[in-house]
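There are 2 protein chains.
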Amino acid sequence: MASADIPDIVIGRLPIYLRTLNCMLAEGKEITASQELADRLGMSSAQIRKDLSHFGEFGKQGTGYETRYLRDQLRKILRVDREWDVALVGAGELGHALAHYGHFDRSGFHIVAVFDHDPRKIGTKMGRFQILDSATIPTVIQEMGIQLAIIAVPADSAQQVADTLIEAGIRAILNYAPTTLNVPPGVRVQYIDPVVYLQRMTYYL
Amino acid sequence: MASADIPDIVIGRLPIYLRTLNCMLAEGKEITASQELADRLGMSSAQIRKDLSHFGEFGKQGTGYETRYLRDQLRKILRVDREWDVALVGAGELGHALAHYGHFDRSGFHIVAVFDHDPRKIGTKMGRFQILDSATIPTVIQEMGIQLAIIAVPADSAQQVADTLIEAGIRAILNYAPTTLNVPPGVRVQYIDPVVYLQRMTYYL
Numbered sequence: 091m092a093s094a095d096i097p098d099i100v101i102g103r104l105p106i107y108l109r110t111l112n113c114m115l116a117e118g119k120e121i122t123a124s125q126e127l128a129d130r131l132g133m134s135s136a137q138i139r140k141d142l143s144h145f146g147e148f149g150k151q152g153t154g155y156e157t158r159y160l161r162d163q164l165r166k167i168l169r170v171d172r173e174w175d176v177a178l179v180g181a182g183e184l185g186h187a188l189a190h191y192g193h194f195d196r197s198g199f200h201i202v203a204v205f206d207h208d209p210r211k212i213g214t215k216m217g218r219f220q221i222l223d224s225a226t227i228p229t230v231i232q233e234m235g236i237q238l239a240i241i242a243v244p245a246d247s248a249q250q251v252a253d254t255l256i257e258a259g260i261r262a263i264l265n266y267a268p269t270t271l272n273v274p275p276g277v278r279v280q281y282i283d284p285v286v287y288l289q290r291m292t293y294y295l
Numbered sequence: 091m092a093s094a095d096i097p098d099i100v101i102g103r104l105p106i107y108l109r110t111l112n113c114m115l116a117e118g119k120e121i122t123a124s125q126e127l128a129d130r131l132g133m134s135s136a137q138i139r140k141d142l143s144h145f146g147e148f149g150k151q152g153t154g155y156e157t158r159y160l161r162d163q164l165r166k167i168l169r170v171d172r173e174w175d176v177a178l179v180g181a182g183e184l185g186h187a188l189a190h191y192g193h194f195d196r197s198g199f200h201i202v203a204v205f206d207h208d209p210r211k212i213g214t215k216m217g218r219f220q221i222l223d224s225a226t227i228p229t230v231i232q233e234m235g236i237q238l239a240i241i242a243v244p245a246d247s248a249q250q251v252a253d254t255l256i257e258a259g260i261r262a263i264l265n266y267a268p269t270t271l272n273v274p275p276g277v278r279v280q281y282i283d284p285v286v287y288l289q290r291m292t293y294y295l
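Residue numbers (the working numbering), protein chains in the order written: chain A, 91 to 295; chain B, 91 to 295.
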């Protein structure tokens, strides 16, 4: 499987293709085509074919793709043909919603530990989780061998939480705190700040 | 202010610059430079200067930017030097977290109506909001002149909700449902699907 030379923007589109293929399979579509994917996604079929061509040949000219085969290949490429454990830091309103977000489990991402530094929350139950003391992040992450973490703490403590997580072995962070994190090379961060997305749209209104 | 010819990817970076400038102001930094912004964001200062140059001159060569002035200009460019009303559809766990997310109000985005189609929820209170019947979306959106909406419903009802919102006058949608929406030209959509972000990182692990 190719890797280092593929632009990150291409990698970023693969999960969207995967999601759409899963949706097609749920509808019973066993065969699809780049044009059909393109129509659903509002993009060009040439772009989709070009993106996929980085990883090999997935269909025959004129006959389209076997939906399930392409879906399974994308799962392998994205390394989501396995299950992933995820640590969640922050047990506020957002952390609560994330801990109960069924789409994670259905997609093979399992929150296995929830941390907070608030003494009033530590040890209490949040749904099926018992909230752990943030002070135990290093030992818990290391013992469980967790590589993925979600940060759902206020912006002013996000960097410190990230530093602790990375020191403990976390290599990929989904950051909900509205701030940019400084991380060492080799650690990935993705950002979800809904205000940023809204501001990107108000420009056009 | 320039508009149509500026790449959307540039527009997408402006909210990040704005967020960082706000942070600098909170720290009391009255003067900054593209290099300082670049260091905080892990990008090149040339990229930042090029992005900003689309909109005019904001600083003098060698003396940097007045933080507040640049911040205020970015607010004007992004049209967030005013307040925006936002409709929220979906009063589940996620909708609940979004309705109470303080960062929206602090950024000038005010959720003013929350809708759900579940008869057990309609009319009940969710924090400071009384949950409205989704059937009233057309009248409420039109009467209040709301242009922005957040969709936090399951994937299989998101398209129908989007159609109703757009018909009622919504021109920009922040979609938390894990599905791609088909919208007419002139309507903007941004997507927040945390699974997509996680999958984009597992590729590299």
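Where a beta carbon is used, it is the ideal one built from N, C-alpha and C, also for glycine. These numbers come from a predicted model, not from an experiment.
In this structure, DSSP gives ARG278/B an extended state, which the three-state scheme calls strand. With a threshold of 16 other beta carbon atoms within 10 Å, THR153/B falls short and is exposed. Taken atom to atom, the span from the alpha-carbon of SER224/B to that of VAL179/B is near 8 Å.
With contacts defined as CB atoms closer than 8 Å, GLY259/A and ILE231/A qualify as a contacting pair. DSSP places GLU156/A in the strand class (E or B) of the three-state scheme. Using a Cβ distance threshold of 8 Å, ILE282/A and LEU271/A do not count as a contacting pair.
Following the DSSP letters along the chain, one finds HIS193/A inside the alpha helix (DSSP H) bounded by residues 192-196. Rounded to whole angstroms, the separation of the alpha carbons of THR226/A and VAL251/A is 12 Å. Chain A places a beta carbon closer than 8 Å to that of PRO268/B, counting this residue as a contact.
For VAL273/B, the three-state secondary structure derived from DSSP is coil. Taking a C-beta distance under 8 Å as the contact criterion, VAL204/A and ALA181/A qualify as a contact pair. Three or more beta-carbon pairs separated by less than 8 Å are not found between the region 113-126 of chain B and the region 94-104 of chain B, which leaves the two stretches without contact. Shortest Cα-Cα distance from PRO105/B to any of PRO228/B, ILE221/B, LEU255/B, ILE167/B involves ILE167/B. Between GLY235/A and PRO228/A, the alpha-carbon positions lie close to 10 Å from each other. CA-to-CA, the gap between PHE148/A and GLU120/A works out to about 14 Å.
The beta carbon of MET216/A sits closer than 7 Å to the beta carbons of ALA181, HIS186, ALA189, VAL204 from its chain, once the five residues preceding and following it are set aside; these are given in chain order. For the region 153-186 of chain B, the beta-carbon criterion of a distance under 8 Å to any beta-carbon of chain A is satisfied by ILE167, LEU168, ARG169, VAL170, TRP174, VAL176, GLU183, LEU184, HIS186. The three-state secondary structure of GLN220/A, taken from DSSP, is strand. The region 154-164 of chain A and the region 120-129 of chain A touch, with no fewer than 3 CB-CB distances between them shorter than 8 Å. At a cut-off of 8 Å between C-beta atoms, PRO274/A does not count as an interface residue with respect to chain B. Taking the CA atoms as reference points, LYS140/A sits about 20 Å from GLN289/B.
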